[in-house]
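**Q**
Residue numbers (my numbering): 2 to 66.
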């Protein structure tokens, strides 16, 4: 396997590249930067992590000025 583009909501948000026996995620969009350089077992696992991250941020309380 070579690099594979990972999309979320129809937009490319990063790539996965082989790294030893796993896949390393390289983020190209800021809203998924927390997952940058993390290793996963499959592209589907990356997509699940992205969904969970986006959902957690959407549900996080915001500070009002």
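Beta carbons: idealized from backbone N, C-alpha and C, even for Gly. None of these values were measured; they are calculated from a predicted model.
DSSP three-state call for residue 38: helix, strand or coil?
**A** coil
**Q** By Cβ distance below 8 Å, which residues in the same chain neighbour residue 59 in space, the five residues on each side in sequence not counted?
**A** none
**Q** Can you check whether the CB of residue 26 is closer than 7 Å to the CB of residue 5?
**A** no
**Q** Short of 6 Å in beta carbon distance, which residues of its chain neighbour residue 9, apart from the five on each side in sequence? Order them along the chain.
**A** For residue 9, where only same-chain residues beyond five positions count, the Cβ hits under 6 Å are 51.
**Q** If we ignore side chains and look at the alpha-carbon of each, how far apart do residue 35 and residue 17 end up?
**A** 15 Å
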